[in-house]
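Undergrad:
Numbering (our numbering), first residue to last: 1308 to 1594.
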């Protein structure tokens, strides 16, 4: 999707049916933007201006969030990540959908941009892969993973919960996915994304996204042989291959990642997250 060395450039073309449908879905159910406003946003991310730090995250008033997101009035530190994609939708060997949990934000990101974290929302993409700065720093492992996987496949990134925020609950700070569990977040948006993309494989990042997608009480142990992790996701009358995998971010201890690699036949040695990302790609391709 984004113009950058080692990335497969996805041309923003409204004639492509999936792009048109995704933009329409976002404008109807997530942000109260017109389709053209969203097209302009994606186009901006897809050009060289995304290399300039001041263009890092877009922002808007939180009043622009669709009522369907069920955001409480007391919500603050809001974030929305719009889906992003890499590779060739029509010619890729497989269509792979990555599903994270939510677009987490921090108050310091609002302070840095001089906007109020109570009245604005920061708009980006999953793992901020539209930003050169993040691809080379915080999201390096994810960047490596998606880049190599998208050379032969179409890769689509999204989240279960499209909006992130903090709110107060009995005097305590509550994260949005805990709030949504109690307030029936609409699953129709993700279901519609699956219908549009028609993935051959869904990969959930982290135990929480697996639990929410599969409506499970507990996630599987992620540090085991990958062949044991593969399962099926029932979507209407269809079954889609689903693979729960570990996060590549600092949330995960390096030892857990290395335990996973050892369980999958890699020699017992410590690897950094970039090496882990390359091993992940090898395992998925073999699978």
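Just so it is clear, CB atoms sit at the ideal spot from N, CA and C, and this is done for glycine as well.
So for residue 1476, helix, strand or coil by DSSP?
TA: Correct three-state label for residue 1476: strand.
Undergrad: Can you find the residues in the same chain that come closer than 6 Å, C-beta to C-beta, to residue 1424, ignoring five residues on each side of it along the sequence?
TA: Excluding sequence neighbours, residue 1424 sits near 1383, 1384, 1414, 1417.
Undergrad: Under 8 Å Cβ to Cβ from residue 1333, same chain only, skipping five residues before and after it: list those, please.
TA: Closer than 8 Å at the Cβ level, and outside the excluded window around residue 1333, lie 1340, 1345, 1389, 1390.
Undergrad: Kindly confirm or deny that the segment 1392-1409 and the segment 1444-1461 touch, where touching means at least three C-beta pairs closer than 8 Å.
TA: Touching, per the Cβ criterion.
Undergrad: I believe residue 1466 touches residue 1410 by the beta-carbon criterion, under 8 Å. Please report the beta-carbon distance rounded to the nearest angstrom.
TA: The pair is a contact, with the Cβ atoms about 6 Å apart (cut-off 8 Å).
Undergrad: Bridge partners of residue 1399, per DSSP?
TA: The partner list for residue 1399 (beta bridge, DSSP) is empty, contrary to what the question assumes.
Undergrad: Take residue 1438 as the anchor and find which of 1498, 1502, 1472, 1349 has the nearest alpha-carbon.
TA: Looking at the Cα atoms, 1349 is the closest of the given residues.
Undergrad: Report yes if the C-beta distance between residue 1510 and residue 1405 is below 8 Å; otherwise report no.
TA: In contact: residue 1510 and residue 1405 (Cβ atoms closer than 8 Å).
Undergrad: Do you know how far the Cα of residue 1528 is from the Cα of residue 1519?
TA: Going from the Cα of residue 1519 to the Cα of residue 1528 covers about 16 Å.
Undergrad: If you run the structure through DSSP and keep just helix, strand and coil, what is residue 1464?
TA: Here residue 1464 sits in strand by DSSP.
Undergrad: Quick one: measure Cβ to Cβ for residue 1548 and residue 1402, integer angstroms, because I've assumed they're closer than 8 Å.
TA: Not a contact, Cβ separation roughly 11 Å.
Undergrad: Indicate the three-state DSSP secondary structure (helix, strand or coil) for residue 1361 in the structure shown.
TA: Low local confidence applies: a pLDDT of 41 at residue 1361 is under 50, so the model's placement there is unreliable, and no value is given.
Undergrad: Taking residue 1449 as the reference, give the member of 1593, 1592, 1587 with the closest Cα.
TA: Nearest option by C-alpha distance: 1587.
Undergrad: Which same chain residues, not among the five before or five after residue 1468, have their C-beta less than 7 Å away from its C-beta?
TA: 1408, 1409, 1483, 1484, 1487, 1492.
Undergrad: Is residue 1427 helix, strand or coil by DSSP?
TA: Strand, per DSSP.
Undergrad: Whole angstroms are fine: how far does the CA of residue 1538 sit from the CA of residue 1544?
TA: About 16 Å.
Undergrad: Tell me whether residue 1541 is buried or exposed, calling it buried when 16 or more other Cβ atoms sit within 10 Å of its Cβ.
TA: Classification of residue 1541: exposed, given that the 10 Å Cβ count is below 16.
Undergrad: Tell me, please, which residues DSSP counts as bridged to residue 1417.
TA: Answer by DSSP bridge pairing: none, since residue 1417 is not bridged.
Undergrad: In or out: residue 1455 buried (at least 16 other Cβ within 10 Å) or exposed?
TA: Flag for residue 1455 reads buried.
Undergrad: Please tell me whether residue 1284 and residue 1566 are closer than 8 Å, where the distance is taken between their beta carbons.
TA: Shown here, the chain extends from 1308 to 1594; a query on residue 1284 therefore has no answer.
Undergrad: Am I right that residue 1552 and residue 1563 are in contact with their C-beta atoms under 8 Å? What's the rounded C-beta distance?
TA: Not a contact, Cβ separation roughly 11 Å.
Undergrad: Measure from the alpha carbon of residue 1495 to the alpha carbon of each residue in 1376, 1352, 1367, 1342, then state which is nearest.
TA: The residue with the shortest Cα to Cα distance from residue 1495 is 1376.
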